[in-house]
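The structure appears right after this line, and notes come after that.
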Amino acid sequence: MPQTPKRLKTYEQNQSPVQSDWLDRLANFDLQYGRLVRDAIGVTLIAFAIMFLLAAFDYTKGFLLDAIAYWLRIWFGWGCVFVLLGIGYLGLTFLRRDQSEIKWMRLIALELASLLTLGLMAIIFGNDLFRAESGMDGGRLGWGLATFMWNTMGQIIGTTVLFIVWLLAVATGLGFWSWLELYLINLAGDSTPAFVSSPIKEEAVKEKAETAKSPASKKKTPAIPAEFRTSLKATNKRDEKSIKPPPRAHDLPPLGILLGDSTVRADERTINQTAGLIMKTLSEFGIPATVIGYRVGPSVTQFAVQPGFIKKPGTDEEDLQQMKVRVAQIASLEKDLALALSAQRLRIEAPVPGKPYVGIEVPNTNSSVVRLRALLEADSFYKSSAPLNIALGRDVSGNPLIADLARMPHLLIAGSTGSGKSVCITSLATCLAMNNTPEELRMVMIDSKMVELIRFNGLPHLYGKVETNLERILGVLRWVVVEMEHRYRLLESAHARDLDAYNRK
35 MPQTPKRLKT YEQNQSPVQS DWLDRLANFD LQYGRLVRDA IGVTLIAFAI MFLLAAFDYT
95 KGFLLDAIAY WLRIWFGWGC VFVLLGIGYL GLTFLRRDQS EIKWMRLIAL ELASLLTLGL
155 MAIIFGNDLF RAESGMDGGR LGWGLATFMW NTMGQIIGTT VLFIVWLLAV ATGLGFWSWL
215 ELYLINLAGD STPAFVSSPI KEEAVKEKAE TAKSPASKKK TPAIPAEFRT SLKATNKRDE
275 KSIKPPPRAH DLPPLGILLG DSTVRADERT INQTAGLIMK TLSEFGIPAT VIGYRVGPSV
335 TQFAVQPGFI KKPGTDEEDL QQMKVRVAQI ASLEKDLALA LSAQRLRIEA PVPGKPYVGI
395 EVPNTNSSVV RLRALLEADS FYKSSAPLNI ALGRDVSGNP LIADLARMPH LLIAGSTGSG
455 KSVCITSLAT CLAMNNTPEE LRMVMIDSKM VELIRFNGLP HLYGKVETNL ERILGVLRWV
515 VVEMEHRYRL LESAHARDLD AYNRK
């Protein structure tokens, strides 16, 4: 029998059957009644805030309401209004359907700012204990805070420190620092992001230097006869000029946080030599052909080979017939061409769809890394208005491949070990997060391997954290099914076929 991983053994040993059953019941209860409970809590908090706001301003009377309103005024003074508004806001948070994560740092900063406001109100009105006992200014809490600051630091320094800390708390609570960071990154433009450390750059430079010095780049090309030497131009060469990408919305992550593209320029001399070798090899096997162009991609170069004509004697002795070279003849020489070009692998596309030539793809000596940032900055990505656009890579010509995820709702990514499945999934999630706000798009991630997707923890687009526990993954999948069925019922009631049609109504 296969062995259970050590981490799962430890978890199973620490969980008793009673505790595991209790967790399952709690998860099922949250899936079935969690939204109802959150709605009930939200409505209760909002009703509480409204009632005591009315009682604080004497718009309603009652023994219990008057007692609690009096207690709030004594301790918080005029700041009791902020307390009740905060309770109402918390109720609205429970009622939100998107269930976005609460930003605890901002929440704590706002609470601190509210407490410091009580002290500042007490200082502004003279820090009078009689006024505080009467429910004015900052109440008892404000008077106590102001008195503590004055007794420890003096009136001037204590008031100044209190005001500075209040400013910092307000700026943090309102997200000023995040806005300032995004503004500075956008202002910097295409400069290298600050979090990319210098050792990574040095390692990349070292890798390029080692690649340039590798024996593969110095291998000698066999001598090519003059009749097979040629000078080619790219059949579909990309515009390599740097185009400034369109401006992005301020609430989207800046593209500067992604690494830039590291494009390796094509060596036209090597390309022309390879083209000559292709024609020479085909000629040796009795197949006349001409290389009419090439297309350079990130890892391969596709040569456009146009088949020629073979002269064969006709019925008469002096009559010659020209016979077109069959495409199958060129395709059958794939291994012979790979041997002549000293290529590890070689692919023949016979013919190229929609083109009057055969494509022979030869691996590049130095492959270039396809970065996600360059694909997101491409014009083809911005010209498509689909909100679920994803970048899949580059084609043989180096042009970006962009697809709409909404057109492929059932997506299966399969492949052998090391073929790039995890990289593909990571790229898809990054594309979606970079071009949609958390209010527009939410994601649920499951990572049973526990090492691939955990880097996305903290992303505001996520419902909670990346789930790695095998026992809770089943509950997450059940919740997804419940949510899917709920959305189908919404589409049915609105007589809409998809989300786009539903949002237009």
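Residue 487 in our numbering sits at position 453 of the sequence shown; the count goes up by one each step and never skips. Backbone N, C-alpha and C define an ideal beta-carbon position, used for all residues, glycine too.
- Counting only the Cα atoms, T94 lies some 37 Å from G209.
- Taking a contact to require three or more Cβ pairs closer than 8 Å, the segment 141-156 and the segment 68-85 do not qualify as touching.
- Nearest C-alpha to R489 among E505, T471, I507 and T464: T464.
- Within the same chain, L422, I424, L439, L475, M477 and H495 come within 8 Å of L466 by CB-CB distance, once the 5 residues on both sides are set aside.
- For the 8 Å CB-CB criterion, L99 and F86 form a contact.
- Within the segment 398-451, the runs of beta strand (DSSP E) that reach at least 3 residues and sit entirely inside it are, in chain order, 423-428 and 434-438.
- In terms of Cα proximity to A420, the closest of I436, S527 and T460 is I436.
- Residue environment for I312: buried (at least 16 other C-beta atoms within 10 angstroms of its C-beta).
- Under DSSP, A338 shares a beta bridge with G327 and G393.
- Straight-line measurement puts the Cα of D285 at about 20 Å from the Cα of L409.
- Pairing V334 with V396 gives a Cβ-Cβ distance under 8 Å.
- The DSSP-derived three-state label of M468 is helix.
- Rounded to whole angstroms, the separation of the alpha carbons of L292 and D481 is 23 Å.
- Taken atom to atom, the span from the alpha-carbon of F91 to that of T206 is near 31 Å.
- Out of G111, F116 and F182, the CA that lies nearest to the CA of D171 is found in G111.
- Membership of R165 in the alpha helix (DSSP H) is indicated by the continuous run L163 to E167.
- Here V430 is buried. Its C-beta has 16 or more other C-beta atoms within 10 Å.
- Under the 8 Å Cβ criterion, the segment 149-161 counts as touching the segment 172-192, having at least three qualifying pairs.
- The continuous alpha helix (DSSP H) containing R523 extends over residues L504 to S527.
- In this structure A365 touches I382 by the C-beta definition: roughly 5 Å separates them, less than 8 Å.
- For the pair L371 and T324, the CB atoms are not nearer than the 8 Å cut-off.
- Sorting E167, L119 and E505 by C-alpha distance to the C-alpha of I108 places E167 at the top.
- Nearest Cα to P341 within the set G68, K389, L375 and G122: K389.
- For I382, the uninterrupted beta strand (DSSP E) run begins and ends at R381 to E383, by DSSP.
- The C-alpha of P332 lies about 58 Å from the C-alpha of L150.
- Spatial neighbours of G188 in its own chain (CB-CB distance under 6 Å, excluding positions within 5 residues in sequence) are not present.
- In this structure I142 is exposed. Its beta-carbon is surrounded by fewer than 16 other beta-carbon atoms within 10 angstroms.
- Only buried fits Y328, as 16 or more other CB atoms lie within 10 angstroms of its CB.
- Between D73 and S461, the alpha-carbon positions lie close to 36 Å from each other.
- Linking D532 to S418 through their CA atoms gives a straight-line distance of about 19 Å.
- Shown here, Q378 sits in coil according to DSSP, grouped into three states, outside any helix or strand.
- As computed with DSSP, Q363 is found in no beta bridge at all.
- Nearest to I158 by alpha-carbon distance, out of R130, G68 and I190, is I190.
- Around the beta carbon of E318, fewer than 16 other beta carbons lie within 10 angstroms, which makes this residue exposed.
- Taking C-beta atoms as the reference points, L493 and R407 fail to come closer than 8 Å.
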